[in-house]
Amino acid sequence: MIDTIRFGELLRRRGFNFYSGVPCSFLKDLINYSINTGDYVMAANEGDAAAICAGAYLGNRKPVLLMQNSGLGNAVSPLTSLQGVFRLPLLGFVSLRGGPADEPQHELMGPITAPMLETMGIAHETLTDRDPQAQLARADEIFSQGRSFFFIVPRGTFSPVALEKTSACSREGSPGFPPIPALPPDLVTRREMLICLKAAVAPGSVLLATTGFTGRELYELGDNPGHLYMAGSLGCISSLGLGLALARPDRRIIVLDGDGSLLMRTGSLAVNAWYRPARMLHILFDNRAHESTGGQFTVSSGVNWPAAAWALGYPRVSRAGSPGALAEETESWNHSGGLRFVHVPIAMGVPENLGRPAIKPPEAAARLKAYLSSPPIIRVV
Ligand SMILES: Cc1ncc(C[n+]2csc(CCOP(=O)(O)OP(=O)(O)O)c2C)c(N)n1
């Protein structure tokens with residue numbers, strides 16, 4: 005059995021001090037350790053946790069993902085498209101449910117856990133108590149090359165650690181649901197919104213654009229080292245923003261989301277709200293469609309987004325029906341900081357021959373990481 009607290013300290017000495025995941029009983033002691041030390045972000049699913057880790061890595065932390073193997077399927081999209089393609093490594097611990105005498109639901113997943121990691125091109129080892137320090141050194145070496153590494157963790161690997169505290173929700177007394185402007189009769193395109201938004205963004209801000217046309221349009225309006233254009237990993241943009249905003253409370257983090265994206269991982273709203281980062285503006289461009297893949301409808305027109313974000317715990321929500329209103333919201337948030345959600349109904353329509361970012365994902369990620377290494381913009385006391 006590995007001494008969990010000593011192992012946690014070994015991780016810390018190697019700089020791994022940011023954890024996210026979804027619990028598994030085989031990993032509960034390492035999870036308890038990281039909750040006790042205040043380093044754990046409880047995600048709504050394993051894919052969101054992977055994206056939170058990616059954001060933390062951009063913010064110069066060394067992230068750890070703790071998950072059950074039954075959640076590997078939830079995490080394949082970010083593990084491949086985000087950790088893999090953008091080279092935003094994490095150190096993973098995945099339990100090995102599905103051994104002899106385990107519950108029937110793990111029967112198929114157990115034998116395919118290692119093959120799934122292999123298929124994704126992720127290096128891995130089974131963690132044992134023989135020489136965990138040497139195993140950790142090998143993992144860290146791979147991490148330092150910009151590649152993720154997973155430990156497969158069988159039952160009974162870690163010594164017991166009791167849960168000392170639960171993570172306190174930072175929700176302060178919220179006033180009643182604010183009046184939300186009605187949907188405007190005339191909608192403008194995302195491009196018109198982006199032009200106005202860009203003019204309102206404070207210097208030094210980070211703009212994280214969701215998958216598809218949003219990133220492509222933002223790029224076409226002027227590339228910037230503070231931009232990241234998500235490709236793949238649909239739905240992960242606000243979790244990426246959360247990880248980064250928690251790692252870098254001194255920076256203004258602006259998340260540009262889409263309705264198809266947010267519907268795919270709506271649980272992330274509750275997690276963002278619970279952790280309530282110091283400075284994250286979450287803008288939802290809602291065209292009620294998967295425009296980037298041909299304009300097929302989403303079910304977004306059935307959702308009252310400001311009410312949904314509010315119900316899931318966002319402390320400030322609003323709607324901006326015009327470019328001027330979006331600029332006003334952004335300028336007000338530049339001053340107030342905090343976590344804010346802005347619903348921006350838009351019309352479909354992109355310029356003909358919309359280009360794609362010429363900068364490749366790993367270069368964009370490395371560029372953003374370097375951009376964030378400059379001195380803090382906002383003094384955090
Ligand atoms: C996991 C996953 N499923 C599907 C896709 C394909 N895909 C890329 S963009 C997109 C549409 C996203 O819709 P929305 O977020 O509303 O943005 P819009 O295209 O309308 O700008 C889809 C389905 C993907 N990239 N990843």
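Numbering (the numbering used here), first residue to last: 5 to 385.
By construction, the Cβ of each residue, glycine as well, lies at the ideal position given by its N, Cα and C atoms.
Per DSSP, the bridge partner or partners of residue i
i, result
"M5", "DSSP output for M5 lists no bridge partner at all."
"R323", "H347"
"A467", "The structure shown does not extend to residue 467, since the chain is modelled only from 5 to 385, so the question has no answer here."
"Q300", "H294"
"V210", "I257"
"S243", "S243 is not bridged to any residue."
"R283", "G342"
"H231", "L211"
Chain-order list of residues whose beta-carbon lies under 6 Å from that of residue i (same chain, five-residue window excluded)
i, result
"P327", "E196, M197, C200"
"Y223", "Y233, P361"
"R159", "F30"
"F154", "G96, V98, L121, I126, H128"
Of the listed residues the options, nearest to residue i (C-alpha basis)
i, options, result
"L232", "A251, P207, I258, D254", "I258"
"A47", "A203, S243, P82", "S243"
"N338", "K202, K364, L14", "K202"
"D133", "M5, S272, G77, A351", "M5"
"A324", "F153, P158, R194, M234", "R194"
"A274", "Q109, I156, W314", "W314"
"M120", "V98, L140, S336", "V98"
"I287", "A213, T297, L267", "A213"
"Y318", "Y375, L76, W278, R220", "W278"
"D254", "T161, N64, L14, T123", "N64"
"E333", "A235, G59, I184", "I184"
Rounded straight-line distance, which links the Cα of residue j to that of residue i
i, j, result
"A282", "A249", "7 Å"
"V89", "G180", "43 Å"
"M71", "G216", "28 Å"
"D261", "P104", "44 Å"
"P229", "L246", "19 Å"
"A369", "M284", "19 Å"
"G177", "N276", "Note that G177 has pLDDT 48, beneath the 50 cutoff, so the model's placement of it is unreliable and the number below is only indicative. Roughly 17 Å between the two C-alpha positions."
"A206", "E111", "52 Å"
"E168", "L86", "33 Å"
"D106", "S74", "13 Å"
"V157", "I116", "14 Å"
"R18", "G298", "46 Å"
"L140", "H128", "11 Å"
"M124", "S237", "14 Å"
"D135", "G226", "51 Å"
"G118", "L34", "Gly is not the amino acid found at residue 118; the sequence shown has Ala there. Using only the alpha carbons, I get a separation of about 21 Å."
Residue i beta carbon near ligand 3 (any heavy atom closer than 7 Å)
i, result
"A47", "Annotation note on ligand 3: not contained in the displayed structure, which lists ligand 1 as its ligands."
7 Å CB neighbourhood of residue i in its chain, flanking five on each side removed
i, result
"R91", "G150, P366, A369"
"A166", "N36"
"F20", "K66, V68, L95"
"M113", "N73, S74, R101, G102"
"P93", "Y61, Q87, F147, G150, R151, S152"
8 Å CB neighbourhood of residue i in its chain, flanking five on each side removed
i, result
"D290", "G262, D263, S304, W309, H347, V348, P349, I350"
"Q300", "A293, H294"
"S38", "G12, Y23, Y44, V68, L70"
### Task
With a cut-off of 6 Å, give the chain-ordered residues whose Cβ is closer than this to any heavy atom of ligand 1.
So the residues near ligand 1 by this Cβ test are S81, T214, T215, G216, F217, T218, G236, L238, G262, D263, G264, S265, N291, A293, H294, E295, S296, T297, T302.
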